[in-house]
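Chemist:
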Amino acid sequence: MSEDAGALTATSEDVGGLAATMTGFARTLRAAGVGADHERTHALLGALRHLDVTRPADVYWAGRLTLCAGPDDLPRYDRCFQAYFGGRTASRRPAGAVSVTRHTLTLGDEAGDETGEGENESAPGSASRTELLRHRDVAALTEAERAEVHRMLAMLSAGRAARRSRRFEPAARGRLDQRRTIREALRKGDVARLLRRSHTERPRGVVLFVDVSGSMAPYAETLLRFAHALVRSEPRATRVYSVGTRLTPLTAELRHRDPGTALDAASRAIPDWSGGTRLGEELQEFLARRHARGDIVVIASDGWERGDPSLLGAQVARLSRQAYRVIWVNPHKGYADYEPLTGGMRAALPYLDDLVAGHSLAAYEDLSERLAHA
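Throughout the sequence shown, residue numbering follows the UniProt record's numbering, covering 1 to 374 in sequence.
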């Protein structure tokens with residue numbers, strides 16, 4: 001196959017590869033809150049058949065005009081385009097399959113120069129770079145690398161396992177709904193059929209405690225970004241608190257669509273950034289006012305307890321009796337030589353269902369999967 005003057009002559013294999021690439025992009029947008037449904041994705045593919053997919057501006061504007069439903073979608077679309085393509089555009093491999101190749105084009109509010117002139121193509125390799133970034137400790141990243149990890153966290157599809165509710169709903173099968181059956185019989189004068197009901201299902205609740213003390217400072221922002229993804233995914237089934245020297249509820253602040261705005265609001269609400277850790281006292285305060293019955297409790301901390309470790313152990317034991325599962329996320333658990341030797345970790349360990357890593361994007365993805373299948 002050949003290209004003349006930079007135009008792409010598409011075969012069925014090209015079209016299939018391009019469809020897979022752009023369908024994946026649409027899924028990314030939906031995870032970020034953009035209404036890129038099947039109909040809009042189909043419209044995008046139709047538009048790209050008349051455009052040059054090797055030009056970033058063509059791909060950008062085709063997606064923006066077909067996948068976005070309104071002005072609120074535009075900032076999220078720009079962030080997703082940058083994160084998904086990383087300044088790249090779909091281009092053709094010799095074998096005919098469409099791949100993603102890195103370009104030096106930098107997208108601004110207008111996606112760079114619409115003419116697409118001046119773009120310089122470099123060798124593919126973004127996938128391996130992204131994979132390496134996924135496993136690196138966020139405390140060791142540069143500002144640019146951390147920002148890229150945060151963009152990927154914002155697109156995390158944080159699903160949730162379902163639990164059976166006490167409430168019922170009409171169903172074709174299930175236990176007999178006597179009240180509805182009798183009411184219908186009285187209305188019609190005869191028992192025409194037996195009505196049934198079954199329990200409804202709802203997402204299992206998550207209560208997340210994020211340690212914002214000094215020893216957790218390199219990880220606190222990334223953990224709050226992960227918390228934002230959880231809240232945005234299931235706002236009614238997620239509660240978030242910061243812990244340090246005070247217990248601070250953050251769920252309301254993290255409900256904002258935009259991660260940056262949500263993090264700014266959460267930062268203003270937290271009075272004890274980079275202080276000490278009295279996790280035992282704060283869990284005791286939580287349990288005195290609230291509960292976690294049937295929920296998954298996630299404690300994100302390194303276990304450096306300034307208070308009485310035995311008090312922390314007692315409160316985690318109380319949580320374990322209430323909660324469906326108690327998961328402790330420790331950034332240091334990601335290293336092979338880690339041992340839970342701090343007083344807080346040793347006190348809490350007997351009552352934990354899981355002790356998992358929390359130092360990298362891959363660790364947060366694994367935690368999200370754990371919550372989705374718990």
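We put the CB at the ideal spot given by N, CA and C, even for glycine.
Pull up the distance between the alpha-carbon of D58 and that of E148, whole angstroms please.
Modeler: When rounded, the distance between both Cα atoms is 24 Å.
Chemist: Using a 10 Å radius around the Cβ and a threshold of 16 neighbouring Cβ atoms, would you call Y364 buried or exposed?
Modeler: With 16 or more other Cβ atoms within 10 Å, it is buried.
Chemist: Using 8 Å as the cut-off, can you tell me whether the stretch 312-326 makes contact with the stretch 344-361, which would need three or more C-beta pairs spanning the two stretches below that distance?
Modeler: Yes, they touch.
Chemist: Which value, in whole angstroms, describes the spacing of the CA atoms of L67 and V34?
Modeler: Going from the Cα of L67 to the Cα of V34 covers about 8 Å.
Chemist: Going by the CB atoms, is the gap between V329 and A300 shorter than 7 Å?
Modeler: In this structure, V329 lies closer than 7 Å to A300 by Cβ.
Chemist: Measuring straight from C-alpha to C-alpha, what distance separates A192 and L186?
Modeler: When rounded, the distance between both Cα atoms is 11 Å.
Chemist: Please report how far the alpha carbon of D137 lies from the alpha carbon of M216, in whole angstroms.
Modeler: In a straight line, the C-alpha of D137 is about 13 Å away from that of M216.
Chemist: Do M345 and G280 count as a contact pair if the criterion is CB distance below 7 Å?
Modeler: In this structure, M345 does not lie closer than 7 Å to G280 by Cβ.
Chemist: Extract the residue ranges of the alpha helix (DSSP H) inside the stretch 287-324, only unbroken runs of 4 or more that lie entirely within it.
Modeler: 309-322, all fully within the stretch 287-324.
Chemist: Identify every run of the beta strand (DSSP E) within the stretch 170-212, keeping only runs that are complete inside it and at least 3 residues long; order them along the chain.
Modeler: List check, beta strand (DSSP E) in window: 196-203 and 206-211.
Chemist: Measure the beta-carbon distance from G214 to S274 and round it to whole angstroms, keeping in mind my assumption that it falls under 8 Å.
Modeler: The Cβ separation is near 4 Å, so the contact holds.
Chemist: Looking only at its chain, what residues have a beta carbon closer than 6 Å to the beta carbon of E169, apart from the 5 residues adjacent to it on each side?
Modeler: Taken in chain order, the residues that qualify are T200.
Chemist: Out of D308, V326 and S360, state which residue places its alpha-carbon closest to the alpha-carbon of T342.
Modeler: Out of D308, V326 and S360, D308 has the C-alpha closest to the C-alpha of T342.
Chemist: Using the Cβ count rule (16 or more neighbours within 10 Å means buried), how would you classify Q178?
Modeler: Q178 comes out exposed.
Chemist: When DSSP labels each residue in this structure, what does P259 get in the three-state scheme?
Modeler: Residue state, collapsed to three classes: helix.
Chemist: Put L156 into one of helix, strand or coil per three-state DSSP.
Modeler: Three-state result, L156: coil.
Chemist: Assuming F85 contacts L153 under a Cβ cut-off of 8 Å, what Cβ separation, rounded to an integer in Å, is found between them?
Modeler: Contact doesn't hold; Cβ gap of about 18 Å is too wide.
Chemist: Which stretch, first to last residue, makes up the beta strand (DSSP E) that contains L349?
Modeler: Per DSSP, L349 belongs to no beta strand (DSSP E) and is neither H nor E.
Chemist: Do L311 and L263 have their C-beta atoms within less than 7 Å of each other?
Modeler: Not in contact: L311 and L263 (Cβ atoms no closer than 7 Å).
Chemist: Going by DSSP, which residues form a beta bridge with A357?
Modeler: Answer by DSSP bridge pairing, in chain order: N330.
Chemist: Check the DSSP bridge columns for R239 and list the partner residues they point to.
Modeler: DSSP, once it has assigned bridges, lists V207 as partnering R239.
Chemist: Whose C-beta lies closer than 7 Å to the C-beta of H256 among residues of the same chain, with five residues either side of it excluded?
Modeler: For H256, where only same-chain residues beyond five positions count, the Cβ hits under 7 Å are A262 and A265.
Chemist: When the Cα atoms are used, what is the spatial distance from K188 to P203?
Modeler: Their backbone Cα atoms lie some 38 Å apart in a straight line.
Chemist: Give every residue of the same chain whose Cβ lies closer than 6 Å to the Cβ of A26, excluding the five residues on either side of it in the sequence, and list them in chain order.
Modeler: So the list reads A36 and T41, once near-sequence residues are dropped.
Chemist: Can you tell me whether R64 is helix, strand or coil according to DSSP?
Modeler: Of the three classes helix, strand and coil, the one that applies to R64 here is helix, per DSSP.
Chemist: My understanding is that R196 touches R166, with C-beta atoms under 8 Å, so please give their C-beta distance in whole angstroms.
Modeler: In fact, because the Cβ distance is near 17 Å, the residues do not count as touching under 8 Å.
Chemist: Provide the residue span of the alpha helix (DSSP H) that contains T41, from first to last.
Modeler: H38 to L48 is the span of the alpha helix (DSSP H), which, as asked, contains T41.
Chemist: Based on Cα-Cα distance, which residue from A161, R134 and R183 lies nearest to T238?
Modeler: Measuring from the Cα of T238, the nearest candidate turns out to be A161.
Chemist: Using the rule of at least 16 other Cβ atoms within 10 Å of the residue's Cβ for burial, across every protein chain shown, is I296 buried or exposed?
Modeler: The residue is buried, with at least 16 neighbouring Cβ atoms inside 10 Å.
Chemist: What does F226 pair with, by DSSP beta-bridge criteria?
Modeler: Looking at the DSSP assignment, F226 forms no beta bridge with any residue, so it has no partner.
Chemist: Closest by CA to R325, which one among H359, V207 and P259?
Modeler: Comparing Cα-Cα distances from R325 to each of H359, V207 and P259, the minimum goes to V207.
Chemist: Is the beta carbon of G294 closer than 7 Å to that of A348?
Modeler: Result no, Cβ atoms of A348 and G294 do not sit closer than 7 Å.
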